[in-house]
Every structure is written in structure tokens, then in C-alpha cells.
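Notes to accompany the following structure.
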Amino acid sequence: MTETQLTLSRRQALKGVSAFALTLVAAGLLAPGAHADAAAVDAAIKKLVKGTPEDGKIKLDLPQIAENGNTVPVAFEVDSPMSKDDYVKTVHLFAEGNPSPEVASFHFTPQSGMARASTRMRMAGTQNVVVVAEMSNGKVYMAKQQVKVTIGGCGG
Amino acid sequence: MLSRREFFHLAAATAALPATALNFRSAMAKQKVMQQDLLQFDSLGQVTLLHFTDMHAQLVPIYFREPTVNLGVGEVRGLPPHITGKDFLHKYGIGPGTPEAYALTDQDFTSMAKSYGKVGGVDRMATLVKAIRAERPDNTLLLDGGDTWQGSYTSLKTGGADMVDVQNALGIDAMTAHWEFTYGVDRVKELQDSLNFPFLASNVRDTEWQEDVFEAIKYFDKGGVKIAVIGQAFPYTPIANPRYLMPNWSFGINEDNMKKRVADAQAAGADLIVLLSHNGFDVDRKLAARVPGIDVILTGHTHDALPAPVKVGNTLLIASGSHGKFLSRLDLKVEGKKVTDYNFRLIPVFSDVIEPDKDMAALVQKVREPHMAEISRELGHTEDLLYRRGNFNGTFDDVICQALLAERDAEIALSPGFRWGASLLPGQAITVDDVHHHTAITYPNVYRTEMTGEFLKTILEDVADNLFNTDPYYQQGGDMVRVGGMSYTIDINKKIGSRISNMTSLKTGAAIDPSKKYVVAGWASVNEGTEGPPAYDLVSGYIQNQKVVKVPDNQTVKVVGA
Numbered sequence: 003m004t005e006t007q008l009t010l011s012r013r014q015a016l017k018g019v020s021a022f023a024l025t026l027v028a029a030g031l032l033a034p035g036a037h038a039d040a041a042a043v044d045a046a047i048k049k050l051v052k053g054t055p056e057d058g059k060i061k062l063d064l065p066q067i068a069e070n071g072n073t074v075p076v077a078f079e080v081d082s083p084m085s086k087d088d089y090v091k092t093v094h095l096f097a098e099g100n101p102s103p104e105v106a107s108f109h110f111t112p113q114s115g116m117a118r119a120s121t122r123m124r125m126a127g128t129q130n131v132v133v134v135a136e137m138s139n140g141k142v143y144m145a146k147q148q149v150k151v152t153i154g155g156c157g158g
Numbered sequence: 066m067l068s069r070r071e072f073f074h075l076a077a078a079t080a081a082l083p084a085t086a087l088n089f090r091s092a093m094a095k096q097k098v099m100q101q102d103l104l105q106f107d108s109l110g111q112v113t114l115l116h117f118t119d120m121h122a123q124l125v126p127i128y129f130r131e132p133t134v135n136l137g138v139g140e141v142r143g144l145p146p147h148i149t150g151k152d153f154l155h156k157y158g159i160g161p162g163t164p165e166a167y168a169l170t171d172q173d174f175t176s177m178a179k180s181y182g183k184v185g186g187v188d189r190m191a192t193l194v195k196a197i198r199a200e201r202p203d204n205t206l207l208l209d210g211g212d213t214w215q216g217s218y219t220s221l222k223t224g225g226a227d228m229v230d231v232q233n234a235l236g237i238d239a240m241t242a243h244w245e246f247t248y249g250v251d252r253v254k255e256l257q258d259s260l261n262f263p264f265l266a267s268n269v270r271d272t273e274w275q276e277d278v279f280e281a282i283k284y285f286d287k288g289g290v291k292i293a294v295i296g297q298a299f300p301y302t303p304i305a306n307p308r309y310l311m312p313n314w315s316f317g318i319n320e321d322n323m324k325k326r327v328a329d330a331q332a333a334g335a336d337l338i339v340l341l342s343h344n345g346f347d348v349d350r351k352l353a354a355r356v357p358g359i360d361v362i363l364t365g366h367t368h369d370a371l372p373a374p375v376k377v378g379n380t381l382l383i384a385s386g387s388h389g390k391f392l393s394r395l396d397l398k399v400e401g402k403k404v405t406d407y408n409f410r411l412i413p414v415f416s417d418v419i420e421p422d423k424d425m426a427a428l429v430q431k432v433r434e435p436h437m438a439e440i441s442r443e444l445g446h447t448e449d450l451l452y453r454r455g456n457f458n459g460t461f462d463d464v465i466c467q468a469l470l471a472e473r474d475a476e477i478a479l480s481p482g483f484r485w486g487a488s489l490l491p492g493q494a495i496t497v498d499d500v501h502h503h504t505a506i507t508y509p510n511v512y513r514t515e516m517t518g519e520f521l522k523t524i525l526e527d528v529a530d531n532l533f534n535t536d537p538y539y540q541q542g543g544d545m546v547r548v549g550g551m552s553y554t555i556d557i558n559k560k561i562g563s564r565i566s567n568m569t570s571l572k573t574g575a576a577i578d579p580s581k582k583y584v585v586a587g588w589a590s591v592n593e594g595t596e597g598p599p600a601y602d603l604v605s606g607y608i609q610n611q612k613v614v615k616v617p618d619n620q621t622v623k624v625v626g627a
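These protein sequences, in sequence, are chains A and B.
Each residue of the first sequence is one higher than the one before, counting from 3 in my numbering.
Each residue of the second sequence is one higher than the one before, counting from 66 in my numbering.
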């Protein structure tokens, strides 16, 4: 299984790694100030990908409710043969509650074998996590899930 | 052997009962219920599953009043278990005034309790289990849904060891867990080693290596049927309870993990797949629709008691109540890896008509004896019926909020919406034991702090969304946080941030000001290092000072959209 640890360092590009290259746009995660929203995520998607995203192909693995908002596990897998003619090119990770909506972009090649990755995010509050996959044939897929960050203490 | 004692003098009742409801027809004709009536059952198939859950360390008989208000939202609005009182009786064809009406609803509770007596007691439970095992020696599995180690003085003092002894004596075949984890990881591992049966939790992984912490599946052979029992611990334990007690364990519903476990069980050749779950009823109902292949889900956590299974696709959902008040019996006929027939009964453990099992009674005596002087100490009396269950308030919580306000000189009190805690009838003495039934936790400290009006609203909105989120996977179980010193309105059908309005201070009659700070007392904080006296001591002291506890009718929460 391909697993990449996302470090919360400033803008950092890991290009040419054999399995896949990971571009971090995590800068600003810890910065104070205004948060993004759904509209900002929409704008960011329009800026990064061509075409209208469809539902499907992407499986998200993230908690409904975060156990620890400081380090929320986020994983995805995109259904694709990953052949020379049909593969996942790029997967973008967005968070509506992030200071900047773009969290990370993952670049894949047919040699990646499979289009999956996992990382951890810091989340100050409840928000939607949006994953967008660009395929080699130009199709674009999207998946979204809310992750709640709660005060806790009242179940039982 | 079987008791011939006649305890139940039934009120007139003429309701026809469905075959799946508690079958007291013949008993009612004779105006009494006896042990053999409770055990009456038409055996069927190769497998008998016995299930209880959420016992909350109740060793001896208690009163337990079911909720008046238990609302469901979205797709489950008005579906079991979100029906109560008269609607519940109507839905299941139960006559008012009958033993099953007493067991399953809040209707006319005080007078019914006086007629029908207490419920539960592990010595009575043991009698039922032994009798059914004697009848079905090679077919029976006894499964414990968790929340067994917490909820009493003795469980707190022994760190859950008293309940482990009871579980071993009952001959439990497997358990899963929730409150068990609040003893901390070291204690859980220690107690797990002294169990004669597996502690199953397929959804608990260590955060470092993402490896299973506990056994996930246990296979049994009963009546020639290979049974896979998958355990699912409460998914939100590190959120609803203090994370610092289990810092390196990750939980979650994890549907994909469940699909994998089911596939594993199928690959291992299981004929029958049983999920022993602490998800909560609505979570399990959704899970059953999305994870095919589970034959039976033994639900827990939300304390619902249903006299008939709820069917989702081919999955049977069983809800066995709480506090040792019920024992579920599900007989299954399994053919070609499918359940082709079943018979079910939710057996109420009516303490007064079941002969206590001698060995278990001796064990209970042994466990309680060293603490008897303290737990039997009378603190005062109650003038009103005290209970906890209900979405927005319970009278025992009203007493706790009174105590928090008075003893910590606060304007507003917050008490968690726990669903465990026995009931007390008007006129009953309140003992140290009784107070612990509502407060015995490992993080009991009562804080006194300042909160802004805005933060108070955030708390109410947050908890309301745990209860009334239309997606069950976002629900944590439990009820609404109990509030003293403040009234509010809640619209259960709105979204988070807009459910709560009209927050008003009862002391001043003024609207709660978002920017103003209020002195708040509360307990069961999930934050490490919370300071203050333990809730059980504070509430005990308050009752001792009051001598007689009175609970005025609570009109402080106005509910919209129910």
C-alpha cells in the first residue's frame, strides 16, 4: 500500500518520487485569519481542473467525527485500471474550513499501479473535505464528505 | 426450582398480543405471572442467541423507567425505537396496565412499579440463562453488548473487577465495549486477561500502526452451525468520553472495515454472521442497509427495548434494553447459510417472580459486602419519581443540576445526557448506591468556570447535532445535555447552529447575552486535569443537606418539530 506522510511544513514539492509525486499546498494550515468556504472550494476547483466534476469513482476513507482535530486521517482511492491509456493523473484535496481551500495535490502515473494515498490534516472545525480526480481521458470526478469536529463528552 | 409464588395481580387487560410480543396471554387469564411464563418459548432451529447489553454494573434489582421522549429525525422519525408511551403500546398491541406495558413504557410508572416490583438483578438473570441453557445445552450463545463494567459504586471501586467476576460466572461467550474503556488502556488490558471469553472490537486500531488492538471475530459451533460473532465497540468512545484515557486507540464506525470482516467470516465458512454491536440503534439500522451479509445485529448503546426484531433487508436487528432489565432470546433456523425461520422474545427480568440463582446471589453478596456500610447509607428521601431517561431532561438530572447550582454557587449548570441510571419511586430513600448509579465515572470532577452566552449556545448546538443529525453516522447516542438555571427552545429539525433559541436565565429572566460571561458548574468534562469535587460526593452532600428532594415540573426546554 502506498502511504505518504504529509508534513505540515511550508510549501514543499516532492516531485519525481517513484510511486507518485505529491505536491503540498498545505501552507497556511496553521495561520490565523479567514477560512475558506464552499464557494472558495468551487472557485479553486475551477481554477485547477477543466470540465465539470461528476460523482463516482472516488472512495473516501475519513471519519464522520474527528477523534482529534489536530490530526485527522484522510485517505482516498480512485477506481481506475491505471493503464497507459486510462489512468488517474491528479487528485486534489480541498477543505472548506481551511484558511486556503487547497490542501494537497497528488500526481499519479500508470506506473503508480493504483491511485490511492493517505495523509493527515489539521481541522479547526466541522467542514467538508472535497476530493477531485482528473483522469487521463479528461474526465473529472468528485467526492465530498463532512468531517465534524465536536466538543464531545455527551454520548452514553 | 420454579417458583410458585404469586406476585402479579394484574389490572384488567384485554389486548391481543402478537406472537412476537411478550406472551402473557395465559398468565393474564390467571391474573398472575410466574417464572415459567417468562421462560415460555417455542424452541426453533439449531441456534439460540441470548443477549443483554448496557447492564451498567447493576448487580441487584432496581426500578427502571423507560423514556417519555425519544425522538427520531429524518428517515427514522416515528419508527421504532422512536416511539414511546401509548404509541408504543398501540404499535406492539400491548394492553395498558399489563406487565409488558410496565416493562416497556413510562405509562403510569409509579403505580405500576408498586404492583409489579423491581427489575433486573444478575442472580435473576443467571436463573434465566441457566434454565435456557439446560433446555438448549448445545445450541446456546450468551452475548454481552458492553457497558457492563461501569455504573455502580462497586464497579468504580473495584475498577470493573466485580463485573468481570459476574460475567465469568454467567458464562458469557463474548462481549464488546464502550464505558469499559473509561478505566484506561492499562486497566482494560488487565481485565481482558481475566475474562474467560473474548473481548471483541473489530473497529479499534492503534493509531501508530493501524493494527487491531482486540480480537475482531470469534467463531462458535452450535447445533452444527458455524457462527461468526463480530464485535463492534462504541465508535465514538474517544470523543464522547475522554480521549486521554485511550490516547493511542482509534475507533470509528468504519463501514469498509465491517464489510471486510463480513467477507472474512464468509471466507472462513460461517453459516451465520452475528454482529455484537455498540453502535446505537439508528447507526446499526443504516449499517445493515449498507453492509450486506450480516444475519443478526444485536444492538446496544442507545438502551432501546423492542419486543420484536426490526428487519432491514435480510438482517434482524435486536434491541435488548439496558440495566439487566431484559434478556433477549432469539432462536434461529439456519439452512444453506441463511436464516430461514426465527422466534424471538424480549424477556423482562421481573425480579419478584424469578428465583435468584444461589451461586450468583452469593457472588453478588461477596462483591457488595465490603462496601455495604457505605452504599446502604441513606442520604435523604425523594418526594418525587426520580429517573434519567428522556431526550431533554430527567428528574434525577434535575436534582444533579440543583446540586451543581447550589453547591458550586453557579448561575447555570450543565449535566451530561447519559442514558444510564436507575429510577427511584416517590417516598424512597436515596442511598449512596443510588447516587452512584447516576454518577459513578472515572472523570467525575465538578468544574466551576465562566462561559460566554455564545459559548453556551455552541455547546447546546453541538450536543443537539449529536442527537438530531439526520445522518445516523454522525450521532453519538446519549441525550441532550441537561441544563439548570436556564431555559431554551430547540427545533429538532433545523441544522446545527439554528436549532437553539430563546436562551433565558431563570435567575434574572433576561435573555442570555452572547457576549456576557456566566458562572457555569458542570461535570464529566472530557478535558484532562479538570478540577473540582467528584459529582457523587457533591450530589450526596446536597441530598444530605436537603433531607427531602423535590423536583418541580421541568418546563425549561421547549421542543419544536417533534
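Glycine included, every Cβ here is placed at the ideal spot set by N, Cα and C.
On a predicted model such as this, the values are computed, not experimentally measured, just so you know.
query	result
is_contact[I153 of chain A, chain B] using C-beta, thresh 8 Å	yes
CA-to-CA distance, H502 of chain B to Q493 of chain B, given in whole angstroms	15 Å
Bridge-paired residues (DSSP) for S570 of chain B	B:M551
Within chain B, the residues that N162 of chain A reaches when beta carbons sit closer than 8 Å	The structure shown does not extend to residue 162 of chain A, since chain A is modelled only from 3 through 158, so no value can be given for it.
Outcome for S416 of chain B when other beta-carbon atoms lying within 10 angstroms are tallied against a minimum of 16	buried
Residue burial classification, A86 of chain B (beta-carbon count within 10 angstroms, cutoff 16)	Here the model assigns A86 of chain B a pLDDT of 43, short of 50, so the residue's position is not dependable, and the following value carries that caveat. Counting Cβ neighbours within 10 Å, A86 of chain B comes out buried, since at least 16 surround it.
8 Å Cβ cut-off: residues of chain A touching I524 of chain B	I153
Integer Cβ distance of G597 of chain B from Y512 of chain B, believed to fall under 8 Å	5 Å
Residues near R166 of chain B in its chain [Cβ-Cβ closer than 7 Å; skip 5 each side]	The question names Arg, but residue 166 of chain B is Ala in the sequence shown. Here the set comprises L154, I159, G160 and Q172.
Own chain partners of T247 of chain B with C-beta closer than 6 Å, once the 5 adjacent residues on each side are dropped	N306, L310 and T507
The ligand COA heavy atom lying under 7 Å from the CB of Y167 of chain B	The model on display carries no ligand, and the ligand COA is accordingly not part of it.
Neighbourhood of G139 of chain B by C-beta, 7 Å cutoff - its chain only, sequence neighbours within 5 removed	T535
Rounded separation between K431 of chain B and T223 of chain B - CA only	13 Å
Selected residue, minimal CA-CA separation from D39 of chain A, among A:K48, A:K59 and A:S102	A:S102
Proximal residues, the region 539-552 of chain B versus chain A, C-beta separation under 9 Å	Y539, Q540, Q541, G542, G543, D544, M545 and V546
Spatially closest choice to E443 of chain B from B:I495, B:K560, B:R433 and B:G486, by CA coordinates	B:I495
Interface residues of chain A facing N316 of chain B [CB-CB closer than 8 Å]	Here the sequence assigns Phe to residue 316 of chain B, which means Asn is not the residue at that position. Here the neighbours are E69.
Contact set for A576 of chain B: own chain, Cβ-Cβ below 6 Å, skip 5 residues either direction	T569
Closer than 9 Å at the beta carbon, the chain A residues around D321 of chain B	K61 and D63
I412 of chain B - partner residues in DSSP beta bridges	B:L392
Straight-line Cα distance separating N268 of chain B from M323 of chain B	8 Å
Helix, strand or coil at W244 of chain B according to DSSP, with G and I counted as helix	helix
Validate contact between the region 123-140 of chain A and the region 90-100 of chain A using beta carbons, cut 8 Å, 3 pairs	yes
First through last residue of the beta strand (DSSP E) which encompasses K324 of chain B	Not the beta strand (DSSP E): K324 of chain B falls in the alpha helix (DSSP H), residues E320 to A332.
Beta-carbon spacing of T241 of chain B, L341 of chain B below 8 Å	yes
Beta-carbon spacing of Q123 of chain B, A487 of chain B below 8 Å	yes
Contact list for the region 33-54 of chain A against chain B, Cβ threshold 8 Å	none
Buried versus exposed call for P83 of chain A [16 or more other C-beta atoms within 10 Å across all chains shown]	exposed
Top-ranked residue by Cα proximity to R201 of chain B, from B:L104, B:V624, B:G606 and B:P372	B:L104
8 Å Cβ cutoff, N619 of chain B in contact with chain A	no
Cβ-based contacts, 7 Å cut-off: residues of the region 117-151 of chain A near chain B	K150
Local conformation of Y301 of chain B per DSSP, three classes	coil
Same chain only: Cβ atoms within 8 Å of D578 of chain B, ignoring 5 sequence neighbours per side	G518
Inter-residue CB distance, M134 of chain B and T149 of chain B (contact presumed, cutoff 8 Å)	The question names Met, but residue 134 of chain B is Val in the sequence shown. Yes, they are in contact, since the Cβ atoms of V134 of chain B and T149 of chain B sit about 7 Å apart, within 8 Å.
Within 8 Å, strictly: CB atoms of A281 of chain B and I295 of chain B	yes
L260 of chain B and Q232 of chain B closer than 8 Å at C-beta	yes
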